[in-house]
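Student: Sharing a structure with you now.
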Amino acid sequence: MTKGSFSLTDYLRTRGWRHISIFLFFVMIAAVVGGMYFATLKVDYIWRWYRVPQYFYYKDTIETKAEIEGEVATLVTKGDQVEVTVRGDGEEETYSVPGQSLLVNEGDFIYSGDVLGSYQKWKVGILIEGLWVTLKVSVLAVLLGILLGLCTGLARISNNPALRWSAITYIELVRGSPLLVQIFIWYFVLGTVINNLLDQTGLGQLPPIWYGVAALAVFAGAYVAEIVRAGIQSIHRGQMEAARSLGMTYPQSMRYIILPQAFRRILPPLAGQFISLIKDSSLLGIIAIRELTKATREVVTTTLQPFELWFVAALLYLVLTFALSMFVQYLERRTAIGG
Amino acid sequence: MVRAESVYKTFYTTHKIEALIDVSCGVDKGEVVVIIGPSGSGKSTILRCLNMLEKADKGHIFIDGVDILDPKTNINKVREEMGMVFQSFNLFRHKTALGNLTLAQTVVRKRSKKEAQEKAMALLEKVGIPDKADSYPDNLSGGQQQRVAIARALAMDPKVMLFDEPTSALDPEMIGEVLDVMKTLALEGMTMVVVTHEMGFAREVADRVIFMDEGQVVEVGTPEHFFKNPTHDRTKMFLSQIL
């Protein structure tokens with residue numbers, strides 16, 4: 001065999017199997033997607049992807065209506081716009097409408113509520129609104145959950161029995177019951193009580209979203225507490241001893257020595273917890289918070305296009321969770337011990 | 340400077356361990372006291388009791404005239420004046436050597452960042468590794484880490500230095516560099532309490548040697564007395580085993 005020749009066996013032995021495996025992976029994906037598509041054709045499902053974008057963004061027609069009754073006195077063109085002056089029983093109003101959409105002539109008699117003209121405006125659709133609510137709820141719940149989890153985690157390892165037992169009680173109660181039940185309790189029990197009390201004192205009621213955020217934050221807080229505890233306890237005892245031996249107080253040692261090191265270790269499990277939280281926010285639809293899942297359900301009821309829309313909803317959740325994953329990976333890299 | 344009076348300490352783990360039984364000892368200003376003894380003799384425990392990393396059950400411990408077992412004593416204030424060096428170095432792993440030296444200075448001593456850094460660099464110079472100021476502990480050898488740890492304790496301008504087996508976790512070739520730093524400190528008049536297995540160091544540097552066994556102080560004396568004519572059988576046996 002001459003030097004440099006490369007037979008098929010050599011190829012298979014070296015890179016070949018890897019290339020074949022990669023090729024097989026894509027074939028498999030294509031087979032699953034294709035198979036699903038043909039299966040839906042068999043049950044006469046008609047895919048209408050073109051109907052989906054309008055639930056992200058759509059053009060809304062906004063009509064300019066007369067608010068008084070009277071005669072169109074003047075029409076003055078100013079660039080694209082026409083200024084319509086309506087003069088009635090001792091009153092006079094001027095409306096500005098786009099020239100192309102003008103529906104009245106000078107001298108027309110119009111009634112209050114008549115359309116003078118209209119213009120179109122881009123508006124965000126219900127899916128984007130739902131996504132925004134999901135994002136808002138998740139971010140708030142994550143921030144509150146971190147705060148709650150950090151405090152509970154520290155209380156959990158405290159020497160003070162009151163603090164420690166409170167933390168254990170909270171953690172066990174929250175971890176031991178389904179989130180769905182907790183959401184019901186937050187909204188239908190605590191919510192009713194709190195809103196009634198607020199009503200009696202003359203303050204307004206709290207909207208459901210507050211109870212939703214509270215339910216998610218309290219739920220996540222219990223899990224974060226255990227993650228924080230494990231993270232702190234994974235830091236070698238000597239670190240705390242060294243800090244204390246230098247005259248630092250317990251809180252100072254925690255803040256400057258233990259927590260910065262623990263933070264790095266708890267990032268991966270914390271990311272998992274918050275990804276769960278984003279997905280769990282889909283349960284909030286049951287207390288009338290129109291987040292992404294509820295918004296999708298509403299669109300599905302009106303369009304009868306469940307296949308496209310549920311895929312879209314899943315994809316939108318994926319965008320959120322993937323972004324969070326990436327952010328945490330960035331944090332992990334940034335907080336890695338230098339050198 | 341440091342005085343322990345009939346200190347008792349019992350650990351309850353799987354079974355009851357009486358780590359310290361009626362231990363009394365004292366260290367004068369400028370004195371270097373070396374505590375030796377077989378493992379499990381309570382020598383590390385008494386050292387850790389001196390700055391309350393372990394809380395003694397009974398007795399009195401006076402540091403510079405302050406009874407640290409008195410609940411009214413602010414132990415953090417006492418610890419500021421006492422440096423401690425650990426067997427496993429315990430450098431802050433997320434901080435550079437310089438960061439290890441400056442943190443407590445700024446947080447506890449309230450020094451300015453600049454002042455703390457100048458002090459830190461001077462000390463790193465003293466322990467012979469100014470070029471490692473920006474290295475993280477994981478990138479330093481054991482001997483270098485321990486020297487940084489000594490410098491970290493010194494940065495607080497302590498009145499007493501406690502050494503808890505500072506060379507036991509080191510590779511043999513690195514023990515010398517750490518002992519040299521400790522000898523320099525002793526020559527400069529630092530008050531030191533050293534728990535160690537380095538008999539050479541004890542003989543050369545110690546003003547007094549305390550021998551402990553089974554939670555009790557067995558014998559106290561000058562190195563000459565201790566190594567040449569020990570009086571107790573247990574001391575003789577220990578010395579015959581290690582020398």
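Taken in order, these protein sequences are the chains called A and B.
Under my numbering, the first sequence has 7 at position 7, and the numbering climbs by one with no breaks.
Just remember that my numbering sits 339 ahead of the position in the second sequence, which is counted from 1.
Note that CB positions come from ideal geometry on N, CA and C, so glycine has one too.
As the structure is a computational prediction, the values presented were derived from the model and not from experiment.
Is it a yes or a no for the stretch 208-221 of chain A touching the stretch 403-419 of chain B, going by three-plus beta-carbon pairs under 8 angstroms?
Tutor: At 8 angstroms Cβ cutoff, the stretches do not touch.
Student: On the DSSP letters alone, give me the boundaries of the alpha helix (DSSP H) that residue 536(B) sits inside.
Tutor: It is not in any alpha helix (DSSP H) - residue 536(B) carries neither H nor E in the DSSP assignment.
Student: Going along the chain, which residues of its own chain have a beta-carbon closer than 8 angstroms to the beta-carbon of residue 521(B), five neighbours each way excluded?
Tutor: Contacts found: 489, 502, 505, 531, 533, 540 and 544.
Student: Please name the residues in the stretch 429-447 of chain B whose beta-carbon is closer than 8 angstroms to at least one beta-carbon of chain A, in chain order.
Tutor: Listed in sequence order: 429, 430, 431, 432, 433, 435, 442, 443, 446 and 447.
Student: DSSP three-state label for residue 129(A), please.
Tutor: Of the three classes helix, strand and coil, the one that applies to residue 129(A) here is helix, per DSSP.
Student: If you drop the 5 nearest sequence neighbours on each side, which residues of the same chain put their C-beta closer than 6 angstroms to that of residue 582(B)?
Tutor: The answer is none, since no qualifying residue turns up.
Student: Would a C-beta distance cut-off of 8 angstroms place residue 209(A) and residue 139(A) closer than the cut-off?
Tutor: No, Cβ-Cβ distance for residue 209(A) and residue 139(A) is not below 8 angstroms.
Student: Mind listing the chain A neighbours of residue 392(B)? Cutoff is C-beta to C-beta under 9 angstroms, in chain order.
Tutor: Correct list: 241, 244 and 245.
Student: How about the stretch 412-423 of chain B and the stretch 463-481 of chain B: do they share at least three Cβ pairs that are nearer than 8 angstroms?
Tutor: Output reads no: the stretch 463-481 of chain B does not touch the stretch 412-423 of chain B.
Student: When you check each C-beta in the stretch 469-482 of chain B against every C-beta of chain A, which residues fall closer than 7 angstroms?
Tutor: Going along the stretch 469-482 of chain B in chain order, one finds 474, 475, 477 and 478 with a Cβ nearer than 7 angstroms to chain A.
Student: Straight-line CA distance for residue 14(A) to residue 29(A)?
Tutor: One C-alpha to the other measures close to 25 angstroms.
Student: Against chain A, with Cβ distances strictly below 8 angstroms, would residue 425(B) count as a contact?
Tutor: So, interface residue.
Student: What residues in its chain sit with their C-beta under 7 angstroms from that of residue 393(B), if we drop five residues either side in the sequence?
Tutor: Correct list, in chain order: 348, 384 and 387.
Student: Quick check on DSSP: helix, strand or coil for residue 422(B)?
Tutor: Correct three-state label for residue 422(B): strand.
Student: By the DSSP assignment, the alpha helix (DSSP H) with residue 312(A) in it spans what residues?
Tutor: Unbroken alpha helix (DSSP H) run through residue 312(A): 306-335.
Student: So residue 262(A) packs on residue 231(A), CB below 8 angstroms; how close in whole Å?
Tutor: Yes, residue 262(A) and residue 231(A) are in contact; Cβ-Cβ is about 4 angstroms, under 8 angstroms.
Student: How far does the alpha helix (DSSP H) with residue 282(A) in it extend, from its first residue to its last?
Tutor: No alpha helix (DSSP H) holds residue 282(A); DSSP gives it neither H nor E.
Student: Can a CB atom of chain B be found closer than 8 angstroms to the CB of residue 330(A)?
Tutor: No - not a single Cβ of chain B is within 8 angstroms of the one on residue 330(A).
Student: Taking Cβ positions, are residue 513(B) and residue 481(B) nearer each other than 8 angstroms?
Tutor: Contact flag set, yes.
Student: Flag this pair as touching only if the stretch 113-131 of chain A and the stretch 46-61 of chain A have three or more C-beta atom pairs under 8 angstroms; answer yes or no.
Tutor: Touching, yes.
Student: Check whether the Cβ atoms of residue 398(B) and residue 344(B) sit closer than 8 angstroms, and answer yes or no.
Tutor: Result yes, Cβ atoms of residue 398(B) and residue 344(B) sit closer than 8 angstroms.
Student: Establish whether the CB of residue 495(B) and some CB of chain A are separated by less than 8 angstroms.
Tutor: Answer yes: the Cβ-Cβ gap between residue 495(B) and chain A drops below 8 angstroms somewhere.
Student: List the whole-angstrom C-beta distance separating residue 395(B) from residue 554(B), where the pair is believed to meet the contact cut-off of C-beta under 8 angstroms.
Tutor: Not a contact, Cβ separation roughly 12 angstroms.
Student: Please confirm whether residue 333(A) has its beta-carbon closer than 8 angstroms to some beta-carbon of chain B.
Tutor: It does not: the Cβ of residue 333(A) has no partner Cβ on chain B nearer than 8 angstroms.
Student: Would you mind listing the beta strand (DSSP E) stretches within the stretch 90-130 of chain A that are 3+ residues and don't spill past its ends, in chain order?
Tutor: Counting only runs of 3 or more, we get 92-98 and 115-124.
Student: Tell me, please, whether the stretch 246-261 of chain A touches the stretch 436-451 of chain B by the rule of three or more beta-carbon pairs shorter than 8 angstroms.
Tutor: With a cut-off of 8 angstroms, the stretch 436-451 of chain B and the stretch 246-261 of chain A count as touching, because enough Cβ pairs lie within range.
Student: Can you find a C-beta in chain A that's less than 8 angstroms from the C-beta of residue 419(B)?
Tutor: With 8 angstroms as the cut-off, residue 419(B) counts as an interface residue toward chain A.
Student: Apply the 10 Å Cβ neighbour rule to residue 572(B) and answer buried if 16 or more other Cβ atoms are within range, or exposed otherwise.
Tutor: Burial call: exposed.
Student: Mind checking residue 428(B): buried by the 16 CB within 10 Å criterion, or exposed?
Tutor: Counting Cβ neighbours within 10 Å, residue 428(B) comes out buried, since at least 16 surround it.
Student: Contact criterion: CB-CB distance below 8 angstroms. Does residue 568(B) meet it with respect to chain A?
Tutor: So no, residue 568(B) is outside the interface.
Student: Between residue 231(A) and chain B, is there a C-beta pair that is closer than 8 angstroms?
Tutor: Judged by the 8 angstroms Cβ criterion, residue 231(A) is not in contact with chain B.
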